[in-house]
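Under UniProt numbering, think of the first position of the sequence shown as 1, with each following residue one higher.
From the three backbone atoms N, C-alpha and C, an ideal C-beta is built for every residue, glycine too.
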Amino acid sequence: MLIIVILILASIVVSYLYHRQNMKLLRSVSSPERGTRAERRLVVKMLRKGVHPKTIFHDLYLQKRNGEFSQVDIVVATPQGLLAIEVKDYSGWLFGNEKQRYWTQVLNYGKEKYRFYNPIMQNAGHINALREQSEQFAHLPIFNVVLFAGNCTLKNVNYWADNTFVGYTSNISYVLKKVNEFCFAQYTDKREVARVLFAEL
């Protein structure tokens, strides 16, 4: 009995220390109150994968030329260009492709179906807003990355563009690896990139 109690206490301590370390990592990029839990977990996951905190920008609000604002979940600056990451938290089966305006979510073994706006198109709008921020942004490679959290399954999701990635938040290592295979981007002023993105936080 004593051994069981000790194991339970040890598990609690380890969980607490792990959570505390995650909070410390998160604060190097963002506030624990910003964005969604799925976004914050992805930020921590990237930090644990070795992505430098100064290259991750979380929960940006970009003002467009028409005066409206576009909210971008996460932007990551890499030598190959910028990753615009849209994080979705869904359950059920998901169907769609990059050309369809709406995708379908299927729940309860097919008894419930819901439509939602194509997240690739949604994120393309965010990328357009990023390109409006400066002349340099207009010409930088920007990757359209849509990652799903939650208890969902991508049943028939298709896309064809080389600069587009759709998957699960657990696939972030694969995405970073594939992006790393692209040619280096021609940054004209890296300080401007950081300055613009920091200003939108």
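Counted within 10 angstroms of its Cβ, other Cβ atoms place residue i as buried (16 or more) or exposed
i	result
Met46	buried
Ala77	buried
Ile4	exposed
8 Å contact criterion, which residue i and residue j should meet: CB distance rounded
i	j	result
Leu62	Leu130	6 Å
Glu132	Lys64	6 Å
Phe175	Val145	Note on residue identity: the sequence assigns Val, not Phe, to residue 175. Their Cβ separation, rounded to whole angstroms, is 6 Å, which keeps Val175 and Val145 in contact under 8 Å.
Whether residue i touches residue j by CB criterion (8 Å)
i	j	result
Val72	Leu83	no
Val87	Ala124	no
Leu140	Ala185	yes
Val157	Asn97	yes
Ile74	Phe57	yes
C-alpha gap between residue i and residue j, whole angstroms
i	j	result
Thr36	Asn171	18 Å
Asn163	Asn66	27 Å
Leu107	Trp93	7 Å
Arg195	Arg48	25 Å
Met121	Arg27	30 Å
Trp160	Ala149	22 Å
Residues that DSSP places opposite residue i in a beta bridge
i	result
Gln71	Tyr61
Asn123	Partner(s): none; Asn123 has no beta bridge.
Asp89	Ala149
residue 202	There is simply no residue 202 to check, as the chain begins at 1 and stops at 201 in what is shown.
Tyr174	Partner(s): none; Tyr174 has no beta bridge.
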